[in-house]
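Numbers given in my numbering equal positions in the sequence shown, counted from 1, plus 22. Glycine included, each C-beta is placed from N, C-alpha and C at the ideal position. What follows is a single structure, written as structure tokens, with notes after it.
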Amino acid sequence: MPLTGVEPARMNRKKGDKGFESPRPYKLTHQVVCINNINFQRKSVVGFVELTIFPTVANLNRIKLNSKQCRIYRVRINDLEAAFIYNDPTLEVCHSESKQRNLNYFSNAYAAAVSAVDPDAGNGELCIKVPSELWKHVDDFGSLVLIHTLNCVHGN
């Protein structure tokens with residue numbers, strides 16, 4: 023049975039409200055995290071994440087996910103390579119502005135960077151383009167299995 027679209031009236035509810043609906047155009051139904059390597063000196067992990075999602079809209083052609091402080095090597099959707107863009111604005115907070123060196127400026131710049139990838143606004147650091155070969159599958163509300171290989175590093 024296909025999923026129905028998200029009702030606009032439910033989009034404005036807060037997380038604590040009964041019946042909260044995510045602003046994302048899909049439902050996450052399963053997640054697997056596999057860590058292949060942990061490097062304690064570099065404070066990094068290497069592995070992959072497998073997500074199973076069901077589209078809640080018929081024309082889903084981009085999927086946005088949160089993935090802070092990571093290097094994404096490869097993304098596949100239903101065994102097809104998928105183009106992606108990774109942008110973590112928190113990594114660039116205050117790098118370009120050398121004149122301002124105070125906590126208030128940093129705090130405001132960091133808050134703006136975090137809000138740019140706010141999951142409650144349907145945003146994310148990782149933007150994946152659904153391959154055109156899968157558009158019909160998406161229109162039929164079929165499940166999508168996303169696998170992305172990554173290296174996550176925690177800063178000093």
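Check                                                                                                                                      : Outcome
Given N109, which residues of its chain have a CB within under 7 Å of its CB, disregarding the five upstream and five downstream residues? : E147
Given a cut-off of 8 Å on the beta-carbon distance, is the pair L168 and I99 in contact?                                                   : yes
Please determine, among A134, V139, Y48, the residue with the shortest C-alpha to C-alpha distance to K90.                                 : V139
Go through its chain and collect everything with a Cβ distance to R84's Cβ below 8 Å, but skip five positions before and after it.         : C149, I150, K151, V152
Looking only at DSSP bridge pairs, what is N61 linked to?                                                                                  : S66
Can you name the residues that DSSP bridges to V79?                                                                                        : V79 pairs with nothing; no bridge assigned.
For a quick check, are the C-beta atoms of V79 and P47 less than 8 Å apart?                                                                : yes
Measuring CA to CA, which of I75, R64, N61 is closest to V54?                                                                              : I75
Can you tell me where the beta strand (DSSP E) holding K90 begins and where it ends?                                                       : Segment: none, K90 is in no beta strand (DSSP E) and carries neither H nor E.
Between the beta-carbon of T112 and the beta-carbon of A135, is there less than 8 Å?                                                       : yes
For a test of the three-state rule: what should DSSP assign to F163, helix, strand or coil?                                                : coil
Should G45 be labelled buried (16 or more other beta-carbon atoms within 10 Å of its own) or exposed?                                      : One detail in the question is off: residue 45 reads as Pro in this sequence, not Gly. Exposed, by the Cβ-count rule.
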